[in-house]
RNA sequence: GGCGCCGUAGCCAAGUGGUAAGGCCCGGGACUGCAAAUCCCGUAUGCAUCAGUUCGACUCUGAUCGGCGCCUCCA
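Numbering (the numbering used here), first residue to last: 87 to 569.
If you want it as structure tokens, here you go:
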């Protein structure tokens, strides 16, 4: 890797343009990604966003940046309270209410982390839970209060958006438009303006609460990201991301909270991932096309294929998830993995039709350059993968005719490692063979030598059911790979 | 009503002013005992429709049709 990493460009929601990412500190990236609200299983739409964030992070890392990544776990929120308090008696103590909430959020936090692992999503450096940052949130709200940007109504605290000129800059909303579109939340107490949002909610009967300068209550919907983001990543963050639906109100309100407190720009680059549809329709439980990762793996879907299917589409385009697409992804991965296995082996050229000789070193260098140029241009994964595939085609053809030497094969493998560090779908596989497989391969070799084709085919089929695919080579030897 | 996105082959999907990348599927061929893998050839005279700008448009402009999102639950 070069000492100064290459500049990568990303679409910035603030400006609605693809812009180079200029980190506050050269060679380092601070990244805040909005994590889950842990009250249920994540669905594949949620996971698309987390996969996109993983791609974002891995790309910067692979480019040579040191990435400091913070992903929050939101473990206090309306739906969490709704789903965790039902079994409690009306006079349950606050301790009991907190315990019930924690039981629910602990359970789904564990499940969430397992899902991330299944999909090859790297854990963040910081995964703070909102309930561990209540004091920081209170201090932040007090600070906003002191600056005249927050006001109290009946134990709740609201943000006065009229006090922040840049309010609306991310979502590109004007206040008039918001006024007419604003809905009324019957649960809310009186606010100065319907567009003001809540920072701290006064406790209602049956809800867990924390003590605060404004009486018992709990944090509002957006404050945790501001508090934890500033606490863990600082006053100037390079990248902040989430799904497009978070642009408004969540991220707009984070900006209001953080910049109202700091008095200057908090996040330089906001990046948002698009939604996902299923078989051309919105994903909805009522349509029966609502999937969690576990729904899919139970159907035999390979999580890596899902990862590939999602990452082979551009993150800013609506993705149409389909089972046909998943099959296509599996087959595309087979091609890359078979190529990897071929490069890991020694090669045995055998002629065949051939277009023209090529210099594999130069060809590889060109592919690598194109790959990075296209990734640097707003994470254009479809085109980056196209570069990889054309390289594979060219080198397969070359290797058919004149076997690449070990040194050349190793250079190709290094590039596969480099790209796999981003896509996490074609890693090196351990090459150990157990004795049983070894014996079967030998048995087939003997049957072949005796021209006992029926027996040879039977053994080959037996191995195939064990997940081992044999490939007879031109020179008479037999190779194998995992299916 | 306001703001915004999208419509490219059977499916997925880049390109975004200079004459349609790539993947999957499919057909033909080579190689093979047969396979597998791989290679070769083929598969959109056309990029929702119509009109315009231009020497030239999928790419710019306008209109139309269709799909989607946001406008205080939401990945």
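Glycine included, every Cβ here is placed at the ideal spot set by N, Cα and C.
- Between which two residues does the beta strand (DSSP E) harbouring residue 458 extend? For this step, residue 458 is matched to residue 372 along the first chain. Careful: residue 458 lies outside any beta strand (DSSP E), inside the alpha helix (DSSP H) at 446-462.
- Task: Mark residue 349 as exposed unless 16 or more other C-beta atoms lie within 10 angstroms of its C-beta, in which case mark it buried.
- Result: In the first chain, residue 349 corresponds to position 263, counting from 1. With fewer than 16 other Cβ atoms within 10 Å, it is exposed.
- Message: Once DSSP output is grouped into helix, strand and coil, what is the label at residue 184?
- Response: By one-based count along the first chain, residue 184 stands at place 98. In the structure shown, residue 184 sits in a helix (DSSP, three-state: H, G or I).
- Query: So is residue 557 buried or exposed if we call it buried at 16+ other beta carbons inside 10 Å?
  - Reply: What you label residue 557 is simply residue 471 of the first chain in a count that begins at 1. Taking every protein chain shown into account, the CB of residue 557 has fewer than 16 other CB atoms within 10 angstroms, so this residue is exposed.
- Task: To the nearest angstrom, report how far apart residue 315 and residue 468 are at their CA atoms.
- Result: What you label residue 315 is simply residue 229 of the first chain in a count that begins at 1. What you label residue 468 is simply residue 382 of the first chain in a count that begins at 1. Those two C-alpha atoms are separated by around 32 Å.
- Item | Cβ pair count under 8 Å reaching 3, the stretch 233-248 against the stretch 403-421 | Verdict: no, contact absent.
- Message: Here's the rule I'm using: 16 or more other beta-carbon atoms within 10 Å means buried, otherwise exposed. How should residue 193 be labelled?
- Response: Residue 193 sits at position 107 when you count from the first residue of the first chain. Residue 193 sits exposed, since fewer than 16 C-beta atoms from the chains shown fall within 10 Å of its C-beta.
- Work out the CA separation of residue 144 and residue 251 for me, nearest whole Å. What you label residue 251 is simply residue 165 of the first chain in a count that begins at 1. What you label residue 144 is simply residue 58 of the first chain in a count that begins at 1. Cα to Cα, residue 251 sits roughly 36 Å from residue 144.
- Task: Mark residue 519 as exposed unless 16 or more other C-beta atoms lie within 10 angstroms of its C-beta, in which case mark it buried.
- Result: Walking along the first chain from the start, residue 519 turns up at place 433. Answer is exposed; the Cβ neighbour count stays below 16.
- Could you pull the start and end residues of the alpha helix (DSSP H) that residue 293 belongs to? In the first chain, residue 293 corresponds to position 207, counting from 1. Looking at the DSSP string, residue 293 is not in any alpha helix (DSSP H), and its letter there is neither H nor E.
- Query: Should residue 397 and residue 226 be called a contact, given that it needs their Cβ atoms to be closer than 8 Å?
  - Reply: Counting from one through the first chain, the residue named residue 397 turns up at place 311. Counting from one through the first chain, the residue named residue 226 turns up at place 140. Against a cut-off of 8 Å, the Cβ pair of residue 226 and residue 397 comes out as no contact.
- Item | Straight-line Cα distance separating residue 165 from residue 149 | Here the question's residue 149 lines up with position 63 in the first chain. Here the question's residue 165 lines up with position 79 in the first chain. So the alpha carbons of these two residues sit roughly 39 Å apart.
- What residue does the beta strand (DSSP E) around residue 555 start on, and which one ends it? Here residue 555 is taken as the residue at index 469 of the first chain, counted from 1. Unbroken beta strand (DSSP E) run through residue 555: 554-558.
- Task: Measuring alpha carbon to alpha carbon, tell me which of 402, 130, 154, 295 ends up nearest residue 382.
- Result: Walking along the first chain from the start, residue 382 turns up at place 296. Answer by Cα proximity: 130.
- Message: Buried or exposed for residue 294, going by 16 or more other Cβ atoms inside 10 Å?
- Response: The residue labelled residue 294 in the question sits at position 208 within the first chain. With 16 or more other Cβ atoms within 10 Å, it is buried.
- Message: So, with DSSP's three-state summary, where would you put residue 152?
- Response: For this step, residue 152 is matched to residue 66 along the first chain. Strand at residue 152.
- Message: Going by DSSP, what residue range makes up the alpha helix (DSSP H) through residue 523?
- Response: Residue 523 sits at position 437 when you count from the first residue of the first chain. 521-535 is the extent of the alpha helix (DSSP H) around residue 523.
- Consult DSSP for residue 236 and reduce its assignment to one of helix, strand or coil. Your numbering for residue 236 matches position 150 in the first chain. If DSSP states are grouped into helix, strand and coil, residue 236 belongs with the strands.
- Query: Thinking C-beta only, is residue 394 closer than 8 Å to residue 465?
  - Reply: Mapped onto the first chain, residue 465 falls at position 379. Mapped onto the first chain, residue 394 falls at position 308. Result no, Cβ atoms of residue 465 and residue 394 do not sit closer than 8 Å.
- Query: Applying the criterion that 16 or more other CB atoms from any shown protein chain within 10 Å of the CB defines a buried residue, is residue 532 buried or exposed?
  - Reply: Taking the first chain and counting its residues from 1, one reaches residue 532 at position 446. Residue 532 is exposed by the Cβ-count criterion.
- Task: Return the Cβ separation of residue 335 and residue 224 in integer angstroms, given the expectation that the two are a contact with Cβ distance under 8 Å.
- Result: Within the first chain, numbered from 1, the residue matching residue 335 stands at position 249. Within the first chain, numbered from 1, the residue matching residue 224 stands at position 138. That pair is no contact at about 21 Å.
- Item | DSSP three-state assignment for residue 401, whether helix, strand or coil | Along the first chain, read from residue 1 onward, the residue named residue 401 stands at position 315. Coil.
- Taking C-alpha atoms, which residue in 124, 320, 325 lies nearest to residue 195? The count along the first chain starts at 1 and reaches residue 195 at position 109. Among 124, 320, 325, the Cα nearest to that of residue 195 belongs to 124.
- Task: Out of 91, 358, 90, 343, state which residue places its alpha-carbon closest to the alpha-carbon of residue 136.
- Result: Position 50 of the first chain, counted from the first residue, corresponds to residue 136. It is 358 whose Cα lies nearest to the Cα of residue 136.
- Figure out for me which residue from 181, 495, 215 has the closest Cα to the Cα of residue 191. Here residue 191 is taken as the residue at index 105 of the first chain, counted from 1. Out of 181, 495, 215, 215 has the C-alpha closest to the C-alpha of residue 191.
- Could you tell me the boundaries of the beta strand (DSSP E) in which residue 478 lies? As a first step, residue 478 must be located in the first chain, where it is residue number 392. First-last for residue 478: 467-487, but that is the alpha helix (DSSP H), not the beta strand (DSSP E).
- Query: Do you know whose CA, among 545, 309, 318, lies nearest residue 284's CA?
  - Reply: Start at 1 with the first residue of the first chain, and residue 284 comes out as number 198. Of the listed residues, the one whose Cα sits closest to residue 284 is 309.
- Message: Taking the alpha carbon of residue 239 as the reference point, which residue from 311, 501, 288 has its own alpha carbon closest?
- Response: One-based indexing of the first chain puts residue 239 at position 153. If we check each option's Cα against that of residue 239, 288 comes out closest.
- With DSSP as the reference, please indicate the residues paired to residue 287 in a beta bridge. One-based indexing of the first chain puts residue 287 at position 201. Residue 287 pairs with 304.
- Short check: CB of residue 241 to CB of residue 306, under 8 Å? Within the first chain, numbered from 1, the residue matching residue 241 stands at position 155. Within the first chain, numbered from 1, the residue matching residue 306 stands at position 220. Not closer than 8 Å, so no.
- Would you check if the stretch 244-258 and the stretch 314-332 touch, i.e. whether three or more CB-CB distances between them fall below 8 Å? no
- Close-in-space but distant-in-sequence residues of the same chain around residue 173 (CB under 8 Å, 5 per side omitted): On the first chain, residue 173 is found 87 positions in, with the first residue counted as 1. Only 186 meet the Cβ criterion.
- Provide the residue span of the alpha helix (DSSP H) that contains residue 97, from first to last. On the first chain, residue 97 is found 11 positions in, with the first residue counted as 1. DSSP places residue 97 outside any alpha helix (DSSP H); the residue lies instead in the beta strand (DSSP E), whose first and last residues are 95-98.
- Query: Out of 449, 119, 458, 109, which has the shortest C-alpha to C-alpha gap to residue 494?
  - Reply: Along the first chain, read from residue 1 onward, the residue named residue 494 stands at position 408. Closest in C-alpha terms to residue 494, from the list 449, 119, 458, 109, comes 449.
- Task: Buried or exposed for residue 109, please, with buried defined as at least 16 other CB atoms from any protein chain shown within 10 angstroms of its CB.
- Result: Residue numbering aside, residue 109 sits at position 23 when the first chain is read from its first letter. Answer is buried; the Cβ neighbour count reaches 16.
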